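> Numbering (my numbering), first residue to last: 274 to 599.
C-beta: ideal position from N, C-alpha, C; glycine also.
Predicted model only: the values in this text are computed from it and were never measured.
So that we are looking at the same thing, I have put the structure below in C-alpha cells.
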C-alpha cells in the first residue's frame, strides 16, 4: 500500500481547520481525476455483517459487480488511523479477517484517525467520506433507520442524518426490516431526502421485496436515477442525498412467515442479552443467519450484489451528465 497516491479530500462546505488526506488506490484516483464513474462501498458488511471466509469472497464479488457495470469500486475503511478510499487485496484481507476491526460510524472516524485505530465504515461514515473524496454514488445492502421502540429509547441510526446532509445517491434494498419502516420513511421525508423505487412503487424491506409501504417516486432506469441526482446537484436547494431502493425479486426474498418469526425471536433474544446501541443490528443479523438455515445470508449477498451492479450503472450515467436535463 506504500505506493498508493494521496488524494486531498474535497468538500462543498467550509474546509476543515486541518486538511485530512486519504490514501486512494491508483485505480480510484485515476477514475476520479478523469471524471469516470466511481462507486463507494462500505466495509462494515465485510467486517461485521458476513461470516469469516464468506466475507472475503463476497468482497471480491461486490467489486467485480461494480466493474462489470463500467464503474470503479472504492471500498472505504480506516486502517491504522488513515482513511482509505479503495482497498487493495492486502487491505481487504485485513478488513475481512482481523477480529480487532472496529465498527466506525461518523462520530467515530475522527477518534479512530486521531488514535491510529483500524475500523470498518458504516453506511453513515462511508457516505460522508465518499462525498469528501468526490464520489457521488454509494452501494450498500440496507439502510439503518428508526429502531423499534425509538419513542422510548431515542435509537435512530446516524445513517439518516448523514443522508440528509450529504449529496450522495445511495443504492440500497430499503431499510433493514428489523427496524421501524414507517418511522424511517417519515423521518426521511422530514429531512427532505427523496426516496426512489427502482422499477417498483413499493418500498423494499431488505430481506422482503415489499415492506408494506409505498415510495413517493419511481424510476425505471439507471439513467433516470442519475438524472435525479444530477438535477438536485444543479438546483442545490438542499444538501440531502438520494435514496434509490431496489427490491429483491419476489422469488428471491426470504419467506415472509419465516422472516416475521425470526424478527420476533431475535428481538426477544436481544432484550434477554441486554444488547443495545450500535451492537443491535449486527447481533440481530447474526441471529437471522444462524436461525434461517442460510436463507438470510443468501438473500443478503444477492441484494448487495444487485445493488452494486445498479450503483455502477448509475455512476456511469451520472459521470456523463452535464448541464440542465432536457
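Just mark residue 330 as buried or exposed, buried being the case when its beta carbon has 16 or more other beta carbons within 10 Å.
The count along the chain shown starts at 1 and reaches residue 330 at position 57. Its Cβ having fewer than 16 others within 10 Å, residue 330 is exposed.
> Cα separation between residue 441 and residue 573?
The sequence position of residue 441 within the chain shown is 168, counting from 1. The sequence position of residue 573 within the chain shown is 300, counting from 1. Cα-Cα distance, rounded: 22 Å.
> Report the option in 475, 433, 553 whose CA atom is closest to the CA atom of residue 465.
On the chain shown, position 192 is the one that residue 465 refers to. The residue with the shortest Cα to Cα distance from residue 465 is 433.
> I need the straight-line Cα distance from residue 566 to residue 556, nearest angstrom please.
To locate residue 566, count along the chain shown from 1; it is residue 293. To locate residue 556, count along the chain shown from 1; it is residue 283. Cα-Cα distance, rounded: 16 Å.
> Might you give, ordered along the chain, the residues of its own chain that have their beta carbon closer than 8 Å to the beta carbon of residue 369, omitting 5 neighbours on each side?
In the chain shown, the residue the question calls residue 369 occupies position 96. Within the same chain, residue 369 has close Cβ partners 319, 320, 325, 328, 329, 332.
> Would a C-beta distance cut-off of 8 Å place residue 581 and residue 406 closer than the cut-off?
Taking the chain shown and counting its residues from 1, one reaches residue 581 at position 308. Taking the chain shown and counting its residues from 1, one reaches residue 406 at position 133. No, the Cβ-Cβ distance between residue 581 and residue 406 is not below 8 Å.
> Quick check on this structure: which residue in 475, 450, 403, 472 has the alpha carbon closest to the alpha carbon of residue 540?
Here residue 540 refers to the residue found at position 267 of the chain shown. Out of 475, 450, 403, 472, 450 has the C-alpha closest to the C-alpha of residue 540.
> Under three-state DSSP, which class holds residue 587?
In the chain shown, counting from the first residue as 1, residue 587 sits at position 314. DSSP places residue 587 in helix when its eight states are reduced to three.
> Using 8 Å as the Cβ pair cut-off and three pairs as the minimum, do the segment 391 to 404 and the segment 344 to 359 touch?
In short, these stretches touch, since the Cβ pair count reaches three.
> Let me know the secondary structure DSSP gives residue 349 once reduced to three states.
Start at 1 with the first residue of the chain shown, and residue 349 comes out as number 76. Correct three-state label for residue 349: strand.
> For residue 455, does the three-state DSSP call read helix, strand or coil?
Along the chain shown, read from residue 1 onward, the residue named residue 455 stands at position 182. The answer is helix: DSSP assigns residue 455 an H, G or I state.
> Out of 305, 589, 302, point me to the one whose CA is closest to residue 502's CA.
Residue 502 sits at position 229 when you count from the first residue of the chain shown. If we check each option's Cα against that of residue 502, 589 comes out closest.
> Residue 534 to residue 383, Cα distance in whole Å?
Stepping through the chain shown from its first residue, residue 534 is reached at position 261. Stepping through the chain shown from its first residue, residue 383 is reached at position 110. Their Cα atoms are separated by approximately 39 Å.
> For the structure I just gave you, are there three or more beta carbon pairs, one from the segment 485 to 503 and one from the segment 469 to 477, closer than 8 Å?
In short, these stretches touch, since the Cβ pair count reaches three.
> Could you tell me the distance, in whole angstroms, from the CA atom of residue 402 to the CA atom of residue 436?
Along the chain shown, one-based indexing puts residue 402 at 129. Along the chain shown, one-based indexing puts residue 436 at 163. Straight-line Cα distance between these residues: approximately 12 Å.
> Would you kindly check if the distance between the Cβ of residue 444 and the Cβ of residue 584 is under 8 Å?
Here residue 584 corresponds to residue number 311 of the chain shown, with the count starting at 1. Here residue 444 corresponds to residue number 171 of the chain shown, with the count starting at 1. Cβ distance < 8 Å, so residue 584 and residue 444 count as in contact.
> Quick check: the Cα distance between residue 611 and residue 560, rounded to an integer number of angstroms?
No answer is possible for residue 611: the residues shown for the chain start at 274 and end at 599.
> For residue 312, count neighbouring C-beta atoms within 10 Å of its own C-beta (all shown protein chains included) and say buried if the count is 16 or more, exposed if not.
The count along the chain shown starts at 1 and reaches residue 312 at position 39. Residue 312 should be labelled buried.
> Residue 436 by DSSP, collapsed to three states: which one?
Stepping through the chain shown from its first residue, residue 436 is reached at position 163. Correct three-state label for residue 436: helix.
> Could you pull the start and end residues of the beta strand (DSSP E) that residue 555 belongs to?
Taking the chain shown and counting its residues from 1, the one referred to as residue 555 is at position 282. That residue, residue 555, is in no beta strand (DSSP E); its alpha helix (DSSP H) goes 553 to 564.
> So, with DSSP's three-state summary, where would you put residue 370?
Your numbering for residue 370 matches position 97 in the chain shown. Helix, per DSSP.
> Could you say which of 413, 463, 438 lies nearest to residue 419 if we only look at CA atoms?
Here residue 419 corresponds to residue number 146 of the chain shown, with the count starting at 1. Among 413, 463, 438, the Cα nearest to that of residue 419 belongs to 463.
> On the DSSP letters alone, give me the boundaries of the beta strand (DSSP E) that residue 357 sits inside.
For the purposes of this step, residue 357 is identified with residue 84 of the chain shown, where counting begins at 1. Segment 355 to 358, the beta strand (DSSP E) holding residue 357.
> Under 8 Å between the Cβ atoms of residue 527 and residue 595?
Taking the first residue of the chain shown as position 1, residue 527 is located at position 254. Taking the first residue of the chain shown as position 1, residue 595 is located at position 322. Going by C-beta atoms, residue 527 is not nearer than 8 Å to residue 595.
> For residue 639, count neighbouring C-beta atoms within 10 Å of its own C-beta (all shown protein chains included) and say buried if the count is 16 or more, exposed if not.
Not covered by the structure: residue 639. The range shown for the chain is 274 to 599.
> Would you mind sorting residue 460 into buried or exposed? The rule is 16 or more other CB atoms within 10 Å of its CB.
Taking the first residue of the chain shown as 1, we reach residue 460 at position 187. The residue is buried, with at least 16 neighbouring Cβ atoms inside 10 Å.
> Quick test of your reading: residue 335 and residue 578, contact by CB under 8 Å. State the CB separation rounded to the nearest angstrom.
Mapped onto the chain shown, residue 335 falls at position 62. Mapped onto the chain shown, residue 578 falls at position 305. 6 Å between Cβ atoms; contact.
> Taking the continuous beta strand (DSSP E) assigned at residue 518, which residues delimit it?
The residue you call residue 518 lines up with position 245 of the chain shown. Per DSSP, residue 518 belongs to the beta strand (DSSP E) from 515 to 518.
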